[in-house]
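So for the sequence shown, the numbering used here puts the first residue at 2; every next one is plus one.
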Amino acid sequence: MNGSLSEHKAGDRMFKLYLPPSYSTDSRAFPSVYVQDGGSLFQDQLELIESRFHQNRVPQLVLIGIEPKNRIDEYTPWPAASLSDQFSDFGGKGTDYLFEITNRLIPFVEENWNVSKRVQSRGIIGASLGGLISMFAFLRHPSLFGNIGSLSSSYWYENAAETIDTAAVRPDSTRIYMSVGSEEGAGKQSIQQTMLQKTKYVYESLKEKGFTQDQLCLVIEKGAVHHRKYFCKQFINALEWLYGKNRSII
2 MNGSLSEHKA GDRMFKLYLP PSYSTDSRAF PSVYVQDGGS LFQDQLELIE
52 SRFHQNRVPQ LVLIGIEPKN RIDEYTPWPA ASLSDQFSDF GGKGTDYLFE
102 ITNRLIPFVE ENWNVSKRVQ SRGIIGASLG GLISMFAFLR HPSLFGNIGS
152 LSSSYWYENA AETIDTAAVR PDSTRIYMSV GSEEGAGKQS IQQTMLQKTK
202 YVYESLKEKG FTQDQLCLVI EKGAVHHRKY FCKQFINALE WLYGKNRSII
């Protein structure tokens, strides 16, 4: 790795900060990507990401890995019952979480590091429930994020897909990368079995809102299940599609 990875705190929110190799020598403002679940989607594959920089497949960018405090509360848009007696109910504190990210963390990052304040350069990405809250970040703050990464997102969550369907959002210049495994939800007895179906539903809903082929992408990875190794693979693909020079091609 030629860039740098460090830990920081904004208020009481911890985050990991990756600065690309040219950060110390290039005076330009860099694109920024806010990533759910800390560094779990990128910290183990920074050398691969940097190889994409070197190949000019992805521009050098800053990654901000936001550490969750309680992800089943912060990454859910409203309360819902647990899917199992073994787990707590979903807390539904996503609105409060997004308020903190948009009003405290992003201003803190943009005041202290050389990142672009252009909407088209600012992105947010997450996987599973992290992908769900990333999509809701766009719904709640459409003028703040120009690039959305929604990886194996939990659109099975109660009323989530339907809320996206009825949301009054316009495409403008927003670009959205969606991915899901063809085997996600298989064998589940709960509403999680609708994972693939609901993801397709959200994709079609966004198309009906006017998102073009250059603005909206859905990748259904054959044989993939709901697992971090597939999230990480799709994370790099998302960066390339959202930010790369040949960004309509994966």
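Built from N, CA and C at the ideal position, the CB exists for glycine as well. Please read these numbers as outputs of a predicted model, since none were measured by experiment.
According to DSSP, simplified to helix, strand and coil, what is residue i?
i	result
residue 168	coil
residue 24	coil
residue 229	helix
residue 72	helix
residue 156	coil
residue 123	strand
residue 249	Any reading at residue 249 needs caution, since the residue's pLDDT is 46, under 50, leaving its predicted position unreliable; the model's value is listed next. In the structure shown, residue 249 sits in coil (DSSP, three-state: anything other than H, G, I, E or B).
residue 16	strand
residue 84	coil
Less than 8 angstroms between the CB atoms is what I'm expecting for residue i and residue j, so what's the real figure, rounded?
i	j	result
residue 66	residue 36	5 angstroms
residue 38	residue 127	7 angstroms
residue 139	residue 175	7 angstroms
residue 223	residue 180	Incorrect: roughly 12 angstroms between the Cβ atoms, too far for contact.
residue 149	residue 177	4 angstroms
residue 64	residue 19	4 angstroms
residue 1	residue 245	Here the chain comprises residues numbered 2 to 251, so residue 1 is not present and cannot be evaluated.
Take residue i and list the residues in its own chain whose beta-carbon comes closer than 7 angstroms to its own, dropping the five residues that flank it on each side.
i	result
residue 103	142 and 145
residue 253	No information on residue 253 is available, as it lies outside the stretch 2 to 251 that the chain covers here.
Going by CA-CA distance only, name the one from the options that's closest to residue i.
i	options	result
residue 203	234, 166 and 192	166
residue 132	168, 21, 207 and 156	156
residue 17	33, 71 and 74	33
residue 8	28, 23, 25 and 44	44
residue 52	41, 21, 42 and 30	21
residue 95	122, 233 and 137	137
residue 147	121, 162 and 188	121
residue 28	200, 114, 93 and 168	114
residue 77	154, 13, 86 and 40	154
residue 159	230, 191 and 14	191
Under 8 angstroms Cβ to Cβ from residue i, same chain only, skipping five residues before and after it: list those, please.
i	result
residue 251	Any reading at residue 251 needs caution, since the residue's pLDDT is 37, under 50, leaving its predicted position unreliable; the model's value is listed next. The residues are 218, 220, 238, 241 and 242.
residue 170	139, 140, 143 and 210
Under a Cβ-count criterion, where at least 16 other Cβ atoms within 10 Å of its own Cβ denotes burial, should residue i be classed as buried or exposed?
i	result
residue 108	exposed
residue 80	exposed
residue 213	exposed
residue 25	exposed
residue 82	exposed
residue 70	exposed
residue 10	exposed
residue 112	exposed
residue 161	buried
residue 72	buried
Excluding the 5 residues preceding and the 5 following residue i in the sequence, name in chain order all residues of the same chain whose CB lies nearer than 6 angstroms to its CB.
i	result
residue 2	47 and 48
residue 54	61
residue 252	For residue 252 there is no data in the structure shown, the boundaries of the chain being 2 and 251.
residue 195	157
residue 23	61
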